Amino acid sequence: MYNKEIGEMCRFYDVVRVDVEERSKEEQLQEDMSSEDQMLLSKFLPLLREFIPSAASEIESDLHACSQNELHVVILQNCED
């Protein structure tokens, strides 16, 4: 009594569920990075640019994304006050 449509829906649900879990782990790591960690990383960026440019660009984009998210939170908090 296997229904093909139900089987396809269940497989689709499993894929979506895994994707959501992975995304939440990445978001959680970004949220866990303190401002002190960000400052430390930004101090070593020139050294990383010289020896590992790909890692430096990835860190810069992460720091930029994190700062943009913090800016949106500050703006939202100011609007609510």
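Residues in the sequence shown are numbered from 687 upward in steps of one, following the working numbering. Ideal Cβ placement from N, Cα and C applies to all residues, glycine included. On a predicted model such as this, the values are computed, not experimentally measured, just so you know.
Alpha carbon to alpha carbon, how far is residue i from residue j?
{"i": "L734", "j": "N689", "result": "55 Å"}
{"i": "S743", "j": "M725", "result": "16 Å"}
{"i": "I692", "j": "A751", "result": "39 Å"}
{"i": "S747", "j": "E722", "result": "17 Å"}
{"i": "E694", "j": "E736", "result": "50 Å"}
Using a Cβ-Cβ cutoff of less than 7 Å, which residues in the same chain neighbour residue i once the five nearest sequence positions on both sides are dropped?
{"i": "I738", "result": "none"}
{"i": "S740", "result": "none"}
{"i": "H758", "result": "Only weak support is given to the placement of H758: the predicted model assigns it a pLDDT of 45, under 50, and the question is left unresolved by the model."}
Residue i by DSSP, collapsed to three states: which one?
{"i": "I745", "result": "helix"}
{"i": "I738", "result": "coil"}
Give every residue of the same chain whose Cβ lies closer than 6 Å to the Cβ of residue i, excluding the five residues on either side of it in the sequence, and list them in chain order.
{"i": "L731", "result": "A742"}
{"i": "L727", "result": "I745"}
Short of 8 Å in beta carbon distance, which residues of its chain neighbour residue i, apart from the five on each side in sequence? Order them along the chain.
{"i": "L749", "result": "Q724, L727 and S728"}
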